[in-house]
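Residues 1066 to 1221 (my numbering) are what the sequence shown spells out, left to right. Idealized CB from N, CA, C, for every residue including glycine. Taking it in order: structure first as structure tokens, then the write-up.
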Amino acid sequence: MVKQEDRIPAGYRPRLGGFVGQGGIRFAVWSSAASRLWVSIFDEQGNREIDRLELRPEGEGVHALFVAGLAAGTRYGFRADGDYAPEKGPWFDPDKLLVDPYAVEIDRPYVYDIRLAARRGEGTDTAPLLPKAIAATLPQPVPALPPLFQPGGLIY
């Protein structure tokens, strides 16, 4: 039987966030303390959650999921569950939408609202209050050009 840690090559650095690839989007989040992580998919306006999919542990704190059929322009956010002990630090609450810190684009500015400070169990889903990440295709790398000056070719 292959162990989870045996499938991760040494030196592997996962790409975190929402990565648009061929045929879908791969979502990946790192957390050393979360017990469960989800990606929330929203409608085109970013107003209504249309799906919530649980990410799978990949090892070393990375949780990921490839969702076929999604494309650039998809609006999404993350949710996390785990210990809730504000006096000790952990504030995990799956009702709180988390904005992807690796997103290159969000659909609206952040706006403060007192409901963002609601404690766990108070029934406040923060998704309507927060911007959503917009999955974007990353630009292709630009090939390096040869140097303009050759050794001995510049007179100062």
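Checklist entry - In chain order, what residues of the same chain have a beta carbon less than 6 angstroms from the beta carbon of Leu-1135, not counting five sequence neighbours either side? => result Here residue 1135 corresponds to residue number 70 of the sequence shown, with the count starting at 1. The answer, listed in chain order, is Gly-1089, Ile-1090.
Item to check | Secondary structure of Arg-1180, DSSP reduced to three states | outcome: Numbered from 1 along the sequence shown, position 115 holds the residue referred to as residue 1180. Three-state result, Arg-1180: helix.
Checklist entry - How many angstroms separate the CA atom of Trp-1095 from the CA atom of Ile-1199? => result Taking the first residue of the sequence shown as 1, we reach residue 1095 at position 30. Taking the first residue of the sequence shown as 1, we reach residue 1199 at position 134. Approximately 19 angstroms between the Cα atoms of the pair.
Checklist entry - Taking the C-alpha atoms as reference points, what is the distance between Thr-1189 and Phe-1157? => result In the sequence shown, residue 1189 corresponds to position 124, counting from 1. In the sequence shown, residue 1157 corresponds to position 92, counting from 1. Rounded to whole angstroms, Thr-1189 to Phe-1157 spans 14 angstroms at the Cα level.
Checklist entry - In chain order, what residues of the same chain have a beta carbon less than 8 angstroms from the beta carbon of Pro-1196, not counting five sequence neighbours either side? => result One-based indexing of the sequence shown puts residue 1196 at position 131. Cβ neighbours of Pro-1196 beyond the five flanking positions: Gly-1111, Val-1164, Ile-1171, Asp-1172, Arg-1173, Pro-1174, Tyr-1175.
Next on the checklist: Which same chain residues end up closer than 8 angstroms to Ile-1115 when comparing Cβ atoms and leaving out the 5 residues on each side of it in sequence?
Outcome noted: Reading the sequence shown from its first residue, position 50 is the one you call residue 1115. Once the five neighbours on either side are set aside, the close Cβ partners of Ile-1115 are Ile-1106, Phe-1107, Asp-1108.
Checklist entry - Nearest-angstrom Cα distance between Pro-1212 and Val-1085? => result As a first step, residue 1212 must be located in the sequence shown, where it is residue number 147. As a first step, residue 1085 must be located in the sequence shown, where it is residue number 20. When rounded, the distance between both Cα atoms is 33 angstroms.
Checklist entry - With distances taken between CB atoms, is the gap from Phe-1092 to Ala-1129 smaller than 8 angstroms? => result What you label residue 1092 is simply residue 27 of the sequence shown in a count that begins at 1. What you label residue 1129 is simply residue 64 of the sequence shown in a count that begins at 1. Yes. Within cutoff.
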